[in-house]
Structure formats: C-alpha cells, structure tokens
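S.K.: Take any residue in the sequence shown, note its place counting from 1, add 18, and you have its number in the numbering used here.
Heads up, the beta-carbon is just placed ideally off N, CA and C, and yes, glycines get one too.
Remember, it's a predicted structure, so these values are computed and weren't measured experimentally.
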Amino acid sequence: MKKRILIIAAAMMTAVSLLSGCSLLPASPNEVVLKVDDSKLTADAANFYARYIQAQYETYYGAYVEGEMWKTEADKGKTYEESVKASIQDELKLMLVLEQHMKDYDVTLSDAEKEVVQKAAKEFDEDNSLENKEKLMSSKEAVERMLTLMAIDQRMRTEIQKDADTDVSDEEAAQKKMDYVLFSYEKEGDDGSVDMTDAEKAAVKEKAENFAKDAKKDEKKFLELAEGAGTESKEASFDSETEFPDASLIKAADALEKGEVTDVVETDGGCYVARVTSLMDKDATESKKKEIISQRENELFEEVTEKWLEEAKVDVNKKAWKKIDFKESR
C-alpha cells in the first residue's frame with residue numbers, strides 16, 4: 019500500500035507540474051465544494067485533483083484534438099471540459115462516500131501509510147514556489163487530503179472486492195483457439211488502401227474458396243497453404259461471445275470440432291477462412307477466468323458504492339464547482 023501511495027503521489031506531482039501556466043482559481047481555497055454526509059472536500063483539494071486529471075488528458079489526448087481541447091465538443095452538447103469535470107465530480111463523490119464507510123470494512127490507514135502521504139505533501143510544498151501553489155490553488159494540506167482520499171479509495175476497493183465470487187469453472191471460461199486467414203477486398207492505391215472493384219472481389223472470393231477446399235482436404239497444411247496463397251495466417255482465442263476478428267467467423271468456427279475448417283465467411287472487408295486448433299486453450303482459458311473475476315469484483319464494487327451514494331446526503335456547491343475550469347496550459 020505504501021508503494022501504491024508513492025506511485026500515486028509521484029504521478030500527481032509530475033502531472034500537476036505540467037500545469038504551472040494555469041490561472042488562479044477565483045474561489046476561496048477553504049470553500050466547501052462537495053459534501054457527502056460528514057465528509058467534506060474544499061476547493062483547494064478539488065482543484066488540485068482536477069488539475070491532476072487535466073494534465074493526464076492533455077498529455078495523452080491533447081495531440082489528437084484539433085483547436086482548443088477543452089472547448090471542443092466531446093459528447094453531444096458537452097465540451098471536453100464539461101464532460102471531464104462531470105466525471106471528476108463523480109470520482110470525488112465516490113472517494114468521499116468510501117471515506118464515510120471505512121468502519122464497515124475496518125479500514126484504517128496505518129501510521130506508515132500516513133507518513134508516506136505527509137512526506138509527499140511536504141515535498142510538494144517545498145518543491146513548488148508560492149506562485150505555482152497559488153496558480154494551482156493548492157497547499158500542503160490540500161495535497162495531503164487528496165492523497166489520503168485516493169489511498170482510502172484503494173484500500174476500500176480491495177476490501178469490498180474480497181467478497182466477490184472467485185469460483186470460475188473451466189466450462190464457464192473455456193476458450194477455443196483457431197488459425198485464420200483473410201483474403202482482403204482492399205488494395206493499395208495512390209492514397210493508401212482502397213476498395214477493389216466488383217470483378218476483383220469476385221476473383222478474391224474464388225481464391226478463398228479454393229483455399230478452403232484445399233485446407234479441408236488436409237487441415238495440417240493450413241499454414242503452408244496460406245503462405246502459398248500469399249496471405250498471412252493468424253492465431254486467435256475465442257468463445258461464442260467473441261467478436262474479433264469478425265463475429266460471423268467466430269460463429270462459424272464455434273460450430274466446428276478440433277481440426278475442422280470453416281467454409282468461406284464473406285464480410286464487407288473480405289473473405290475469412292479458419293481452422294479450429296483447440297477446443298480448450300489452457301492459457302487463454304486461465305486468462306479468461308481472471309477477466310471474469312475482475313469483472314465480478316468491479317460489478318460488486320459498483321453495486322455497493324452506488325447503494326451508498328443513493329442513501330447518502332450529497333451536497334454540491336455548484337457556484338464553487340463552476341469556478342474550477344481548465345485553462346489551456348500549452
């Protein structure tokens with residue numbers, strides 16, 4: 019847990035340091051922005067967390083958005099700023115309600131964990147000038163508050179998810195395996211890939227049908243035949259709900275026994291042919307079990323916390339919250 023706190027702290031400090039160009043938030047640092055039952059969050063702590071998320075978005079998505087990122091429409095009728103701020107508010111409400119229910123799971127932060135939080139907050143205070151702290155509207159106390167809430171989030175999430183059902187049978191997680199090839203309906207043009215003509219597609223389909231016919235005669239030559247046909251054979255694990263590389267191909271392969279080859283499966287992008295190589299891929303099945311367990315854990319966590327939030331008294335200071343905005347930092 020101490021390592022997790024250090025990672026969180028390092029990530030927050032690095033991200034926030036990228037936003038030294040942000041303007042001073044015109045709100046009182048000690049003004050309460052959010053309140054969930056008895057847990058409160060002041061403007062300085064909320065702003066610090068918002069700046070952390072802002073930095074992450076600008077780092078990973080800024081280059082892909084034309085113009086002023088935060089004024090660009092993200093969802094229908096919502097800018098990136100409005101959309102991200104809404105999700106940030108939900109995250110902060112969740113942290114506060116988790117803090118309210120720590121006793122339900124006997125969760126407390128150890129002295130060692132508190133010391134790590136305090137040390138990280140102190141380093142932020144010492145490494146940033148007064149000007150930067152004012153621009154971010156953050157103090158040592160605000161940083162310490164957010165790191166504490168994020169640490170509580172991690173601890174509570176772990177404890178709640180312990181009650182999830184981790185018993186997953188081989189049958190439930192079973193993953194088959196296949197080799198498949200695609201005879202594409204695209205070709206290289208002057209400006210990249212372009213669709214073939216109907217006549218060209220017909221020739222490609224005939225080629226795929228001949229390949230499927232030969233592969234069914236001797237499935238052990240599937241890879242050799244693929245190479246001879248000038249196409250690349252790929253591997254994929256799947257079950258009946260898999261949709262990659264194509265749902266129609268999966269449906270056809272799922273109906274076969276080991277060693278059998280599908281007919282040609284025609285799609286808008288080309289013609290697929292697959293050979294089933296295993297009805298129980300051990301590694302993929304184990305991976306699927308972990309995926310199922312993780313999904314159950316997340317569903318349980320959401321179920322528990324959504325109920326808590328429904329029962330809690332949640333107050334949002336809309337006027338103070340509105341003052342948290344994402345000024346362009348670049």
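Spatial neighbours of S211 within its chain, please: CB distance less than 8 Å, with the 5 preceding and 5 following residues excluded, ordered by chain position.
M.R.: Taken in chain order, the residues that qualify are E204 and K205.
S.K.: Report the three-state DSSP secondary structure of E275 (helix, strand or coil).
M.R.: The answer is coil: DSSP assigns E275 none of H, G, I, E or B.
S.K.: By Cβ distance below 7 Å, which residues in the same chain neighbour V186 in space, the five residues on each side in sequence not counted?
M.R.: Taken in chain order, the residues that qualify are K307, I310 and I311.
S.K.: Whole angstroms are fine: how far does the CA of T90 sit from the CA of R163?
M.R.: Each residue's alpha carbon lies about 32 Å from the other.
S.K.: Measuring straight from C-alpha to C-alpha, what distance separates V322 and D333?
M.R.: Approximately 20 Å, taken between the alpha carbons.
S.K.: Apart from the five residues just before and just after I342, which ones in its own chain have a Cβ nearer than 8 Å to its Cβ?
M.R.: The residues are L43, A45, V51, A61, A64, N65, A68 and K103.
S.K.: Give me the residue from A271, S258, I178 and D181 with the minimum Cα distance to M196.
M.R.: Nearest option by C-alpha distance: A271.
S.K.: Please state whether DSSP places Y82 in a helix, a strand or coil.
M.R.: Three-state result, Y82: helix.
S.K.: Could you tell me which uninterrupted alpha helix (DSSP H) segments, each at least 4 residues in length, are contained entirely in the region 188–238, listed from first to last along the chain?
M.R.: Runs found: 188–191 and 216–235.
S.K.: In terms of alpha-carbon separation, which member of I71, E109, L110 and V115 lies closest to Y98?
M.R.: Cα-wise, what sits closest to Y98 is I71.
S.K.: Does the pairing of the region 174–193 with the region 228–243 give three or more beta-carbon distances under 8 Å?
M.R.: Verdict: no, contact absent.
S.K.: With DSSP as the reference, identify every bridge partner of D359, one or two as the case may be.
M.R.: Since the first and last residues shown for the chain are 19 and 348, residue 359 lies out of range.
S.K.: Taking the C-alpha atoms as reference points, what is the distance between E275 and V291?
M.R.: Looking at the two C-alpha atoms, the distance is approximately 15 Å.
S.K.: Should D286 go down as buried or exposed, given a rule of 16 or more other Cβ atoms within 10 Å for buried?
M.R.: Its Cβ having fewer than 16 others within 10 Å, D286 is exposed.
S.K.: Between K219 and A247, which are expected to be in contact by the criterion C-beta below 8 Å, what is the C-beta distance as a whole number of angstroms?
M.R.: With a Cβ gap of about 16 Å, K219 and A247 do not count as contacting.
S.K.: On the DSSP letters alone, give me the boundaries of the beta strand (DSSP E) that V282 sits inside.
M.R.: Premise fails: V282 is in no beta strand (DSSP E) and is neither H nor E.
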